[in-house]
Each structure stands twice: as C-alpha cells, then as structure tokens.
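Novice: The structure follows.
There are 2 protein chains.
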Amino acid sequence: MKLYEHFAENIAELIRTGTLKPGEKIPSVRTASRTHNISAATVFQAYYLLERRGLIEARARSGYVVRNNAGSLLAAPQLSDNVQARHEIAATEVDVSELVFSVLDSIKDPHTTPLGSAFPSPDLFPLPRLARSMNKALRDMSPHAIVSDMTSGNANLRRQILLRAMSAGNKYTADELIITSGALEALSLSLQTVTNPGDMVAIESPAFYASLQVLERLKLKAVEIPVHPSEGMDLDILADSLTRLPIKAIWVMSSYHNPLGASMSDEKKKAFCDLIAEHQTPTIEDDVYAELYFGNQQAKPLKSFDQRNLIMYCSSFSKSLAPGYRVGWVAGGKFSEKIARLQLMSTISPSVPAQAAIADYLQHGGFDRHLRKLRDTLEAQQQKMLLAIEKYFPTGTRATQPNGGYFLWVELPPHVDSLQLFKLALAQGISIAPGPIFSASRRFRHCIRLNYGNSWTPQIEEAMKILGRLIASF
Amino acid sequence: MKLYEHFAENIAELIRTGTLKPGEKIPSVRTASRTHNISAATVFQAYYLLERRGLIEARARSGYVVRNNAGSLLAAPQLSDNVQARHEIAATEVDVSELVFSVLDSIKDPHTTPLGSAFPSPDLFPLPRLARSMNKALRDMSPHAIVSDMTSGNANLRRQILLRAMSAGNKYTADELIITSGALEALSLSLQTVTNPGDMVAIESPAFYASLQVLERLKLKAVEIPVHPSEGMDLDILADSLTRLPIKAIWVMSSYHNPLGASMSDEKKKAFCDLIAEHQTPTIEDDVYAELYFGNQQAKPLKSFDQRNLIMYCSSFSKSLAPGYRVGWVAGGKFSEKIARLQLMSTISPSVPAQAAIADYLQHGGFDRHLRKLRDTLEAQQQKMLLAIEKYFPTGTRATQPNGGYFLWVELPPHVDSLQLFKLALAQGISIAPGPIFSASRRFRHCIRLNYGNSWTPQIEEAMKILGRLIASF
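Chains A and B, in that order, are what the protein sequence lines are.
Per the UniProt record's numbering, residue 1 is the first one in the first sequence, and the count goes up by one each step.
Per the UniProt record's numbering, residue 1 is the first one in the second sequence, and the count goes up by one each step.
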C-alpha cells in the first residue's frame, strides 16, 4: 500500500467508526501535511481517493467535509421474519430451484439494468492483462503439461494460491488443495463428499440461492440458521440445532456474506470452530468475496481457526479477477482425497490454459494493485447506491452497509411483495433479486438484494428512481 | 481431401477388404499413373502415405507390396467369459472405483511407458496453433462476453459444432446443444438427469471404467450387456433385459468403443433406436472417438437414427484436438433443459477462454487437415503395435483390430492374471490397463487394453518385448 493510500485509509477508518461525523470538516491540505509530516501532494492524492470512494466531498469555501454518509441514516434490516424460537428450527425439503431459474432466466437480457445480477461488471477486471498472461503461459507450456496438469493442477497456480493464503493468515497445505471449475464445483463436490441423499445440512437464512439449488440437486434437507444482518450466523441456534438434529454438514459464508454482507468477528469464528469440533461436523466454507474487503484488513476465514481439519475452504477468482475463466479451489481438510476423487468422476479437471493464465497473472500481473482499485471502486459505488436508496426509496426502507462484496440487502416496508416488485421492475427493464430466492422456506418476501458492482451511470441512477416509485406504489 | 489422399484411400480400402492380400504387389507408379490418369507425383505421394500408415512397404526389385498386415494373423478376441444366458443378466452394485483409482494413481509417473494411459500423446495435437487461436480470440472478445458466454456458451463454438455435426450426418439443433467441461461432465449430467439413486442402468461389458465410476458415484446399479469385439452391443440381450428389468437409462459407445474398438453397423444402430423407442429408454451416447476413424467414412452416431429425441449425444475435443482445455458438449434431445439446469447447479459453465480458442481454431486453424494427419498416424501406430504383439506375445494371444481410436483390446491365454501382470509390468516401468477395471463384475481377468496413441519409439518396442516375456512367464 502506498503512503497516500495508507493516509486515506486512516481517515476512512475515522469516518467509518463515527469519529469524524457527516458534515464535519476534515483537516486542510496544509494542516494535514504539516501535522503528519507528509507532502501536500500526498494529502491531495489521499483526499482525491476518499472523494472517489464517496466518503468526503469538496464544498465551496469549507474545503473537504465528510459526506452525508448514507449508511448512517438508513437503519439496518431487522429480518423480523427470520426470528424463530430455537425449537422451531427444523429441516425443510428444498424446492426453490424453479423459482430461482425463473428469476435468473428472465434477467439474462443484456439490456436490462442488472441490479439483480450475481456478477459485478466485467469492466472491473483486468481482462486484457490477463489475456497477455494467457498468451505467455501457453507459449511456455510443455505439451505434456496439457495432460499432466489435468490431474494435479497447474503447479505454479497451486503455489500462488498457497502463498496468498499464507499472507492472508489462512492456513492450509499443498496436500489438501484441489483446483476446481470455479467455486461452485468446489462447494458442490465438498458437500457431496460428506452427505448422502436425505441428510440434513445446516445453511444460512438467508443463503446464496445456488447453495439451496445444490442442496436440492443432492436431495438434501435444509436446516435454516438465522443470520444477523451484520454479525453473521446465530451461533446459539446453530449449537442448539447441532444438538437436537442429525446435521451432517454446515455450509457457511463467514465473511462478506451473500446476500447480507455480514461478517462474523474473529471471536465468533473461534467459537464456531469450537462448536464444530465438539460435534465433529464437516463444514463447507464459501469465501468467494474474501478479496473484496473495504478498509485495511481482510477478514480471516473460519479455516484459519480450525484445529481439526473439518473445514473445506472454497474460493475462486471469479469475483476478484476472472469471471468466466472458471477457476476456483478447495482446501478440503481431512476430506481432500475424497473430494479429489469425486472430481475425477465428474469433470476430471478445470481448464488447463485458464489455470496457467491465472498463475502467470498472479505472479506478474499486479493482482494486489488491481484489487486495491477494485475495492475502492466498489466502496464508492456502495455509497452511491445507499444515497440513492435514501433519496428514492420510501421511508421505512432499511439497508445493510457491508464492509465488502458488492451486494446490498434492502428491507422494504412489510407490505411490499418483492416477487411482484421483481416483475414490475423487469417490465421497466430493471432486474432485482427478490428475497424468497434466498430461502428454502421462501421467507424475506419484502426484501431484495441489489448489486452495486456496476459503474454508477445515469441509467442506474434512473433505475433506482423507478424502483423507488414502484415500491411506493404498493 | 486431396487427390493423392483419395487415391491412397482407394487402395487402403482394397487392402482392408482383402482384395489386395499381404505380400501382393500393388501397381507400379507408372501403371497406376496411366490407368487412373493421374500424375506420377500424385501416385508417389499416395504410396508414401500408405507406407507411413504401415499398409504397404517397398521391397527391393518388387516395388511396393502389401505388408504382412498383422491384424490378419492375430485372431479376434472371444470374450468367452462375457457369454451369458439372457436370464443370467442382472443388476450389479458398482464398486470398482477403488480398483480403478489404484491403477490410475500408479501410472501417473511421467517416466512410465504409458501403454495403460487413456490419453494419446499430447505431441499429436496442434497446441501452438491452438495457442494462437486463444490469443486472437481473447483479443477480440468483448469484456461482457466473459460473463454472458458462461450461461449460453460461446456462440461461434456452438455454430462450429453444429456445422460439423451436420456434415457428419448427425442431426441435432442449437436448442438442445449444451457446452460442457469435457465429455465426462456431459455424460455425468445426462445420466443424472434421467436417474435416481438405486436405479438400474444398462452399460456395456466391457465398459469404459469412468462410466462405471460415474454409476458408482450416482449410486446406480449396472446391468452389463455383452459387447461383441467388433460388432458392438448384443441387441438381443439388451432387448430381453429392457423387457425383464426396470432399466432407466442406457450408456453406450456405438462407434470406436472404448476399450474394444467395436462399431455397430448402421442397420444395428437403426435397430437399437427402434428398441429404445419401443421402451422409451433415455440413452446416453458417448461418441468421443468420432473423429478418429480410419478409412474414408466416419461412422454415423446413434443420434442420427433417433426419431424420438431419446438420445443424449455426448462428445468433446479432448481426444481430437485439445486435451486439458476441457471443452465438450451434449445434444440432450428432450432432456436438454434439465441437463442445462443441472449444469448451472454444478459448475455453471466450462471455461470461456477455452471455448473461444477452440471456436477460432475450428473456423481458421485447419482442423480437418490436422485430423487427416492424426488418423494416419494412429492407423500406422496400430499396425506397429499389432505387429509387436504378433512378434513378442505368446501364441494364443488374440487382439482387436479397430477401425478407429487408439486402443487395442488384447486377450491373453486364459491362465494369465492381468492384475498380476499390471503389477509386474509397472515394476518394469510399463503401464497397462488390466481387464477387470472395465467391468462392474470384474470380468476380463486375462485381458488388457493397450494404448497405441504414442509415437512408436524403441522404448515402446522394448516395452512390448518385456510385456511379452512377462506374459509368457505365467
């Protein structure tokens, strides 16, 4: 991180924690330069960065002030229909795929404003640089690697993934690492390894809809554990459910949860790992947004607190670098060998050229520089979307303000039907992700997930305005 | 096909059908040139090609003569332990994966002479040309395609596959075409679409071991239908089994069968399609060796005779062009939509760059030229391996002589134990594929599959000699 980025981050932290409040002036360039003993140019660069990130704005005659930080005005979601007594938690047959597909099919049109999409804009990724890496990697590749890399995976890619894991405080070994066709294959093979049809699996409520679909495909039953909008899974209810029900596995996103954006604290992560150790419960950790954190510090994965090798840690490059390349991985703990064999019986191997290209990029392409830019962009776009919600959506709307990823979870007034809203919005060329696709029991009827992973354009501003009007019409 | 290739093929056909017999002289260059009204240079080119393919040889003072065609001396396998009364055919629990993995794991060492490998030598593929196609395709790709091509597949690749299908006499539509991560994903998703755990599936005996592993993974039972070493699946037994047993699906390789190399005749393929139409049995056709035919004419797939859309036709580029790219497809007939959805719940999509590279190669790279060369090479290597078997293996050895692919099925004297032979050979640095891995009921104990997909080197000649000695030692 460069000096100006470091300085900007210090100020951002003061804003985030409320030490600097909306409307408050921040030190002038001259003052800051003198106080911190850094050049005026560096301060300028830092303020410019904070402005781009939507945290401060220039005001005539006042210099820079902290922006009316939208998140601080919007209340956090209550997820009131997610509150259940412990004894009410039971297993649900999963039957949500039809609904999910009907939603996904209808938002494929490239002219739709993609607020319901699961992907960030491809313009955010260094695709031309990655193409150069592909070119180089294929030129250097021995013909025999095209066959031998299928079973073991590209050796350089494996090394790069292990190095990044190490520097992020995660810990797993080369032995347990399996390269997969994206994170979804990693997750799906992991779950398959530790379950049989009919088994119960604890998942989050709300949960990423693809996890519900995988459960449905594998004929597994869902035990839905409520997730707090910022603090993550309810561990009391999880503990109780593990005691009462024959739960065979847990599927969890402990950081930058999709759709809520919640992250568990380190203490909570430790407690989670104690809990699964006590019950010896195999756990699938979905950490695909790991690199998309805001602020100084990446959240630690559950895996880094796991003493018993119970966690199958799944991630990918699809959200941070190369959607469409379909390269992910799983560090499978004690289940690695089984997962590897299952892969040989399903797809054999992810694409060898894609692995080689990403390996070269990680080594030479400037991944960290790209990620810093990507995070700033996403944080700025989050601010803009929160402001638009505040401006256009009816009073009583609540929204999360995650510290990573590119999704907002928006809780609308209770009488709003998000499936109905989905249809109305689509008729206007706008997609949203309606709440019930994130639940095996079709809760969250008045909630939606919005994607802020696209450049903030007048088209998106307009779409937010239309959405606001549609919501008000209920 | 060029004129000299056409002329060479006419002569090859005369040799194959026995019109020209081993040792017999073929017309002199001058005579052939005059008779067929083609230039002497063209005849030379044709004879040179036939020589490379191992069909003729130059003899001092006699000009070119037909070679002692090895296949004509070796008897065809009898598969005697495959003969069963119809009423003995029953469902078998599949439990062969451990055995298969123990074999596959032990032959990974790159220094092993890979006669047991499932892959042909990567040197046979135009990988540098394909890398150029990758480079061009990525340069031309819009960033948005990297996301949008995930769900629909690369549009140009889809077009190229449909065009090739059309010109090969196959018939399927864009609607039913799904691009997959290699053929194995296509096959595995197809089977999953039409079965539930516990169901019975008719498979071939012997069968490609990966199909047995997929059955095992999906907890399906195998009904093993004997395959004739050159004519393919026994339709009488299949018909009887379909009547007697609740078979939910069939998995079949109707052309260039792995491991036997058998191909059904067109009449038999028609009869097969009548049979599945009568029983309305969903059928998975594995046609991965389709492009590796010897002679003039590609075998027609079952799919081209299917009036009822019951056939899920699966193939890939892994054997013909680009192993490791992991690009295959399925034309799923009436089951397409279900297959596509299952894929979205498993791996989402094959790698987008790999799809784009192959599409560009198919359009501009000279695929047909490459394939003609590849077929000639494989046919020549088959001849050399048959000659080596004749020379080094004990009397009583039988072998197939397939008209495509790169496998020989070798039936050894009945007292030879191929699992034992496998271990002895491996100790000498030679891999073979022992018969029992091709059978849910572990038949074919005295059979092996040999791969002739590698350039014929002194190392391979020596390996065949050692194998012969090991076999004789039983």
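Cβ coordinates follow ideal geometry from the N, Cα and C atoms, glycine included.
Only a predicted model underlies this, so the values are computations on that prediction, with no experimental measurement involved.
Quick one: which chain A residues come within Cβ less than 9 Å of K108(B)?
Specialist: Correct list: S148, T151 and S152.
Novice: Just mark Q383(B) as buried or exposed, buried being the case when its beta carbon has 16 or more other beta carbons within 10 Å.
Specialist: Answer is buried; the Cβ neighbour count reaches 16.
Novice: Near P282(A), what residues of its chain come up, given a Cβ to Cβ distance below 6 Å and the 5 sequence neighbours on each side ignored?
Specialist: V194, A249 and L310.
Novice: Once DSSP output is grouped into helix, strand and coil, what is the label at T283(B)?
Specialist: Strand.
Novice: Does the ligand NAP have even one heavy atom less than 7 Å from the beta-carbon of F119(A)?
Specialist: The ligand NAP is not part of this structure, which contains no ligands at all.
Novice: For M166(B), is the classification buried or exposed, using 16 other Cβ atoms within 10 angstroms of its Cβ as the cut-off for buried?
Specialist: M166(B) is exposed by the Cβ-count criterion.
Novice: Are the region 219-230 of chain B and the region 108-121 of chain B in contact at 8 Å, needing three or more beta carbon pairs?
Specialist: No contact exists between the region 219-230 of chain B and the region 108-121 of chain B.
Novice: Can you grab the Cα-Cα spacing for the pair I348(A) / F101(A), in whole Å?
Specialist: Answer to the nearest angstrom: the Cα atoms are 27 Å apart.
Novice: Please go through the same chain and pick out, in chain order, the residues whose beta-carbon is closer than 8 Å to the beta-carbon of N82(B), but skip the five residues on each side of it.
Specialist: Cβ neighbours of N82(B) beyond the five flanking positions: S205, P206, P226, V227, R443 and F444.
Novice: Which residue's Cα is closest to the Cα of I107(B): K423(B), Q280(B) and V43(B)?
Specialist: For the residues K423(B), Q280(B) and V43(B), the minimum Cα distance to I107(B) belongs to K423(B).
Novice: Tell me the DSSP bridge mates of R449(B)?
Specialist: R449(B) is bridged to W409(B) and A433(B).
Novice: Rounded to whole angstroms, how far is the Cβ of V65(B) from the Cβ of I437(B), which I believe are closer than 8 Å?
Specialist: That belief does not hold up - the Cβ atoms of V65(B) and I437(B) are roughly 40 Å apart, past 8 Å.
Novice: I'd like the ranges of any beta strand (DSSP E) spanning at least 3 consecutive residues and lying wholly in the region 91-151 of chain A.
Specialist: List check, beta strand (DSSP E) in window: 91-93.
Novice: With DSSP run on the structure shown, which of helix, strand or coil describes K219(B)?
Specialist: Looking at K219(B) - three-state DSSP - the assignment turns out to be coil, as it is neither helix nor strand.
Novice: Taking I339(A) and I178(A) to be in contact with their CB atoms under 8 Å, please state how far apart those CB atoms are, rounded to whole angstroms.
Specialist: The Cβ separation is near 6 Å, so the contact holds.
Novice: Alpha carbons only, please: which of A271(B), D149(B) and P323(B) is nearest the one belonging to S307(B)?
Specialist: According to the sequence as given, residue 307(B) is Gln; it is not Ser. With distances taken between Cα atoms, Q307(B) lies closest to A271(B).
Novice: Comparing the C-beta of Q135(A) with each C-beta of chain B, is any distance below 8 Å?
Specialist: The question names Gln, but residue 135(A) is Asn in the sequence shown. True, the Cβ-Cβ gap to chain B drops below 8 Å.
Novice: In chain A, which residues lie less than 9 Å from H144(B) when you measure between Cβ atoms?
Specialist: Those are P110, S121, P122 and D123, listed as they occur along chain A.
Novice: Can you grab the Cα-Cα spacing for the pair S336(A) / P434(A), in whole Å?
Specialist: Distance between the alpha carbons of S336(A) and P434(A): 36 Å.
Novice: Check whether the Cβ of Q382(A) lies closer than 8 Å to any Cβ atom in chain B.
Specialist: Answer no: the Cβ-Cβ gap between Q382(A) and chain B never drops below 8 Å.
Novice: For K136(A), which of H364(A), S439(A), E216(A) and I430(A) has the nearest alpha-carbon?
Specialist: Closest option to K136(A), Cα to Cα, is H364(A).
Novice: Can you name the residues of chain A whose CB is closer than 8 Å to the CB of Q160(B)?
Specialist: Within 8 Å Cβ-Cβ: nothing; Q160(B) doesn't reach chain A, min ~18 Å.
Novice: Run the CB neighbour count on G429(B), radius 10 Å, all protein chains shown included, and call it buried at 16 or more, exposed below.
Specialist: Exposed.
Novice: Report the three-state DSSP secondary structure of I89(A) (helix, strand or coil).
Specialist: If DSSP states are grouped into helix, strand and coil, I89(A) belongs with coil.
Novice: Using the C-alpha atoms, what's the distance from L344(B) back to T151(B)?
Specialist: Roughly 8 Å between the two C-alpha positions.
Novice: Just the Cα atoms here: how many angstroms apart are S263(B) and I276(B)?
Specialist: Between S263(B) and I276(B), the C-alpha separation is close to 18 Å.
Novice: Looking at C-alpha atoms only, which residue of A331(A), Y293(A) and H144(A) is the closest neighbour of L189(A)?
Specialist: The candidate whose alpha carbon is nearest that of L189(A) is A331(A).
Novice: Alpha carbon to alpha carbon, how far is H257(A) from L321(B)?
Specialist: The straight-line gap from Cα to Cα measures roughly 41 Å.
Novice: If we count Cβ pairs, one from each stretch, closer than 8 Å, do we get three or more for the region 137-151 of chain B versus the region 233-242 of chain B?
Specialist: As far as the Cβ criterion goes, the region 137-151 of chain B does not touch the region 233-242 of chain B, which means the pair count is below three.
Novice: Suppose contacts are defined by Cβ-Cβ distances below 8 Å. Is R326(B) in contact with S351(A) by that definition?
Specialist: Taking 8 Å as the Cβ cut-off, R326(B) and S351(A) qualify as a contacting pair.
Novice: Hey, does F335(A) have any beta-carbon neighbour from chain B nearer than 8 Å?
Specialist: Chain B, which has no Cβ nearer than 8 Å to the Cβ of F335(A), makes this no.
Novice: I448(A) and T113(A) look like a contact to me (Cβ under 8 Å); what is the Cβ gap, rounded to whole Å?
Specialist: 14 Å between Cβ atoms; not a contact.
Novice: Between the region 176-204 of chain A and chain B, which residues of the former have CB atoms less than 7 Å from a CB of the latter, in chain order?
Specialist: Listed by position along the chain: S181, G182, L184, E185, S188 and P197.
Novice: List the residues of chain A that Q213(B) touches, going by C-beta distances under 8 Å, in chain order.
Specialist: Within 8 Å Cβ-Cβ: L344 and M345.
Novice: Measuring CB to CB, does S316(B) end up less than 8 Å from G328(B)?
Specialist: Yes.
Novice: If the cut is a Cβ gap below 8 Å, which residues of chain B does P436(A) touch?
Specialist: Chain B residues near P436(A): none, gap ~18 Å exceeds 8 Å.
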